[in-house]
Amino acid sequence: MAMVHRILVFLALAVTALAQGVAHRQVEVLGQQIHYLEAGSGPTVILLHGLGGDASNWALTVPALAPRYHVYVPDQIGFGRSDKPLINYRVATLVDFLDRFAKKLGITKATLVGNSLGGWVAVAYTISHPEQVERLVPVDSAGYSPARTGASRIPRELLLALNPSTVAGMKQVLNLILFNKDLITDEFAERAFTDKLRKNDGYTVNQFIESIARGEDFLDGKLGAIKTPTLIIWGREDELTPLAGAKALEQDIAGSRSLILDRCGHVPQMECAGEFNAGLLKFLSGAE
């Protein structure tokens, strides 16, 4: 019962955080209705979720940033509450989406913070639109080919596992994502799977799986041009995008720094929110 209570408290914190001073908005981008969150005032920060995620992945980050920053958190096209057109999804699709989203809202320059697939999009956007990125924060980011991070390949079964069709499959995904395995009870997995069914993003996720399997849009050899101040945040125990990815980014982005969070997996903004928020705020303030 104690563990179930901890899980329910975690979920309640996320819901409560997004209910306080956060506006839910809609905007048309690429002919589709896009849902996003907006909070705070000050320099602009855009938070980008990962594959199969949505804006709620940043529920514990937004309240920490909003007192000092103008925060935008889109459900990227094909995810969350945003429209899900049956198009060819790949990282280049989301880079184009982000550019159009920013232009539609009159955002000329922003700090980009992206987790997993969102980190890949943030880095790729910085490469193609350097003048529009104030600071860059990849968080347990995807984006490198397996060869760049020391793997022979990305197992297809791993990619397919990222789009579970059963509660048992969702439990496997949660085991890849979270360091604290005690959280992954049957009840927690059932809630997560129900949420996935509600979001109805299976087509989008499959499209990205196929794109990754084809080797599209990898970042290898492209990061040398990045001059943007960059902080790389990573969970040391990430099993989905291991720590080798952080080391490769720090090597490839001149002047970048890393913040490695112990006892933390693939979503440090959720699993290690206190340390994550403190490190992010320090970097955004220019104190680091």
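For the sequence shown, the numbering used here gives the first residue as 6, with consecutive numbering after it. Don't be surprised by glycine CBs; every beta carbon is placed ideally from N, CA and C.
Could you compute how far the alpha carbon of residue i sits from the alpha carbon of residue j?
i	j	result
CYS277	PRO68	15 angstroms
ASP225	ALA129	11 angstroms
LEU165	VAL210	9 angstroms
VAL32	TYR94	20 angstroms
GLU215	GLY284	34 angstroms
PHE102	GLU221	17 angstroms
LEU266	VAL178	21 angstroms
GLN37	ASP104	15 angstroms
TRP239	ASN168	23 angstroms
ARG196	LYS204	12 angstroms
ALA44	ARG30	11 angstroms
Within 10 Å of its beta-carbon, does residue i have 16 or more other beta-carbons around it, so buried, or fewer, so exposed?
i	result
ARG140	buried
ALA259	exposed
SER87	buried
PRO90	exposed
GLY111	exposed
ASP145	buried
THR131	buried
LEU99	buried
THR171	exposed
ASP206	buried
SER61	buried
Considering Cα atoms alone, identify which of the options is closest to residue i.
i	options	result
LYS227	LYS108, SER150, GLU195, LEU264	SER150
LEU121	ASP243, GLN37, LEU286	The sequence shown places Ser at residue 121, rather than the Leu named in the question. The candidate whose alpha carbon is nearest that of SER121 is ASP243.
GLY85	GLU255, ARG73, TYR41	TYR41
ARG262	THR190, ALA251, GLN37, GLY26	ALA251
LEU245	LYS232, ALA253, HIS271	HIS271
HIS75	ASP257, ALA28, LYS287, ASP59	ALA28
ASP191	ILE39, MET175, PRO234	MET175
ALA218	VAL96, LEU65, ALA44	VAL96
Are the Cβ atoms of residue i and residue j separated by less than 8 angstroms?
i	j	result
LEU183	ALA127	no
LEU264	LEU236	yes
PRO143	GLY119	yes
LYS79	PHE106	One point to set straight first is that residue 79 is Pro, not Lys, in the sequence displayed. Yes, these two residues count as a Cβ contact at 8 angstroms.
GLY148	GLY124	yes
VAL138	ALA173	no
LEU56	PHE213	yes
Cβ of residue i versus every heavy atom of the ligand GDP: is any distance shorter than 7 angstroms?
i	result
VAL32	The ligand GDP is absent from the structure shown, which contains no ligands of any kind.
Could you give the uninterrupted runs of the alpha helix (DSSP H) lying entirely in the stretch 35 to 105, keeping only those of 4 residues or more?
67 to 70
Just to confirm the assignment: which complete alpha helix (DSSP H) runs, minimum length 4, are found wholly within the stretch 208 to 270?
249 to 257
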